[in-house]
Amino acid sequence: TPDLRLAANLFAYTIDGLIEFLPDQGEATTTSQNARDQKGHGIELEAEWQVTNSLQLTSNMAWQDSEDKASGDPVPNAPGLQAYLAGDWQFLPDWSINAQWIWIGQRERARGDSRKAVDDYSITNLTLRRQALFGHLDLALAVRNLFDEDVREPSTSVIPDDYPMNGREIWAELQVNL
């Protein structure tokens, strides 16, 4: 229907010669080399729904299974599942609010990395927007990671606590349209 759009994408891939840093023989250094091959497959599902003239919902979900071609080990640090949900509501003329929820999960450590599993995470973002103020000014106030979640992206074992992502952030935006 004109108010609802659904999509599904199936994918499969093979990559040969990914760059990997390998130890130099007899040295304490590494050199980047095209040394790793990878394959994977998955599915992506998407939906957009224009609920009313002033409310739109958008969502997607992705699942992937990727592995090293030589060892069969899962590709480390890549999310096996991802989900996204957003709502856009124009509650008054020139005023809107947008809410987003993002979830990342099922990331595996590299073989030999004895640290605990990488935690799944979700973050929520909220944006209030005013358009066409005085005819040419757009304003926005956004809170990213609204609930101040402890979000971390996986690192190599050299960085023990992974890469910390930003906590709660408040952003203000001013856009002049000439």
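Residue numbers (my numbering): 467 to 644.
Ideal Cβ placement from N, Cα and C applies to all residues, glycine included.
All values derive from a computational prediction rather than experimental measurement.
Roughly how many angstroms separate the alpha carbons of residue i and residue j, rounded to a whole number?
i	j	result
Q530	F600	47 angstroms
A606	E639	5 angstroms
D469	S520	12 angstroms
V624	W567	31 angstroms
V617	P630	6 angstroms
T518	L472	17 angstroms
L408	D539	Since the first and last residues shown for the chain are 467 and 644, residue 408 lies out of range.
R502	E533	11 angstroms
P559	Q522	15 angstroms
H602	A474	39 angstroms
F613	E486	37 angstroms
Between residue i and residue j, is the Cβ-Cβ spacing less than 7 angstroms?
i	j	result
T593	N564	yes
Y550	G506	no
I570	V609	no
L547	Q572	yes
Which one or two residues does DSSP pair with residue i in a beta bridge?
i	result
V642	L603
L472	A513
Which one of the options has the shortest CA to CA distance from residue i?
i	options	result
R581	Q504, D628, E533	D628
S588	H602, R502, P545	P545
A583	F477, D604, D482, E619	E619
Q504	G483, M527, T590	G483
Q. Are the segment 484–495 and the segment 509–517 touching, with three or more C-beta to C-beta distances below 8 angstroms?
A. no
Q.
With a threshold of 8 angstroms, are at least 3 pairs of Cβ atoms found where one atom belongs to the segment 552–566 and the other to the segment 575–585?
A. no
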